[in-house]
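In terms of the working numbering, the sequence shown has 169 at position 18, counting the first letter as 1, and numbering is strictly consecutive.
C-beta atoms are modelled at their ideal positions from N, C-alpha and C, and glycine is treated no differently.
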Amino acid sequence: MGQEGTPQFLYGNQLRLIFPGLEQYVELPVGRSLVVRSEIALNLGYVKRTFGQKVSGFGLVLAGTVSPRWYYNYNKRFVRGKSVYRNSANFLTVRSTFLPGFLIGKSNGALRPMTGFTVIPSWGLRRPLGKLILEASAGLGFRRTAPKGESKTSGGGFDLRVQIGF
Numbered sequence: 152m153g154q155e156g157t158p159q160f161l162y163g164n165q166l167r168l169i170f171p172g173l174e175q176y177v178e179l180p181v182g183r184s185l186v187v188r189s190e191i192a193l194n195l196g197y198v199k200r201t202f203g204q205k206v207s208g209f210g211l212v213l214a215g216t217v218s219p220r221w222y223y224n225y226n227k228r229f230v231r232g233k234s235v236y237r238n239s240a241n242f243l244t245v246r247s248t249f250l251p252g253f254l255i256g257k258s259n260g261a262l263r264p265m266t267g268f269t270v271i272p273s274w275g276l277r278r279p280l281g282k283l284i285l286e287a288s289a290g291l292g293f294r295r296t297a298p299k300g301e302s303k304t305s306g307g308g309f310d311l312r313v314q315i316g317f
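Right, here's the structure in full:
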């Protein structure tokens with residue numbers, strides 16, 4: 152448990168259940184209810200093209216994220232005696248994700264590596280599930296991405312996450 156209702160330094164792994172992927176993360180406390188979270192992730196990518204030539208394929212896409220995370224009800228949960236195991240609380244964050252254009256283990260040429268970045272403000276919650284942690288979040292924001300070597304397009308970005316880990 153954190154001291155005096157302060158989030159803990161954490162590191163761990165999570166399995167994303169919606170838009171599947173694996174990530175390794177570190178949370179570094181920088182204030183009473185504020186942490187900086189960094190992640191490196193392998194996201195499962197799948198594509199199926201039906202126009203012209205019918206092809207489908209999958210691969211693992213590398214992504215890196217840095218985000219400030221404000222656990223706005225952490226101290227309230229701590230004071231009321233509720234579990235704050237592994238920083239279990241509601242949070243607001245601004246996820247800044249970089250896509251370097253690395254594609255690992257693709258099945259064929261249907262899936263192309265993406266480059267670019269996204270900035271997505273999100274709301275989420277984190278709760279214990281036995282010794283594991285269940286985390287869910289959703290947000291809308293900005294993205295600027297393109298297949299590697301092509302001109303980038305900008306627009307809205309959506310992030311929906313349900314993940315379990317330790």
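For L291 against I255, the beta-carbon gap comes to about 28 Å, at or over 8 Å, which does not count as contact. Per DSSP, V212 is one residue of the beta strand (DSSP E) stretching across 206-221.
The beta carbon of G306 is closer than 7 Å to those of R294 in its chain, skipping five residues each way along the sequence.
Distance from the CA of Y236 to the CA of G252, rounded to the nearest whole angstrom, comes to 36 Å. DSSP, reduced to helix, strand and coil, places N226 within a helical segment of the structure shown. V313 has its alpha-carbon roughly 10 Å from the corresponding atom of L276. Taking C-alpha positions only, Y225 is separated from F268 by approximately 30 Å. The beta carbon of E286 sits closer than 6 Å to the beta carbons of R277, Q314 from its chain, once the five residues preceding and following it are set aside; these are given in chain order. Using a 10 angstroms sphere on the CB of N259, the tally of other CB atoms stays under 16, which defines it as exposed. Counting along the chain, Y162 sits inside the beta strand (DSSP E) bounded by residues 161-167. The Cβ-Cβ distance between R220 and L243 falls below 9 Å.
DSSP places G182 outside both helix and strand once states are collapsed to three, so it counts as coil.
Beta-bridge analysis with DSSP links L283 to L280. Between F317 and K282, the beta carbon gap of about 7 Å places them in contact (Cβ cut-off 8 Å). Rounded to whole angstroms, Q204 and K303 show a C-alpha spacing of 24 Å.
When DSSP assignments are scanned along the segment 228-316, no uninterrupted stretch of alpha helix (DSSP H) that is 4 or more residues long falls wholly within it.
R246 sits buried, since 16 or more C-beta atoms from the chains shown fall within 10 Å of its C-beta.
With fewer than 16 other Cβ atoms inside 10 Å of its own Cβ, R231 counts as exposed.
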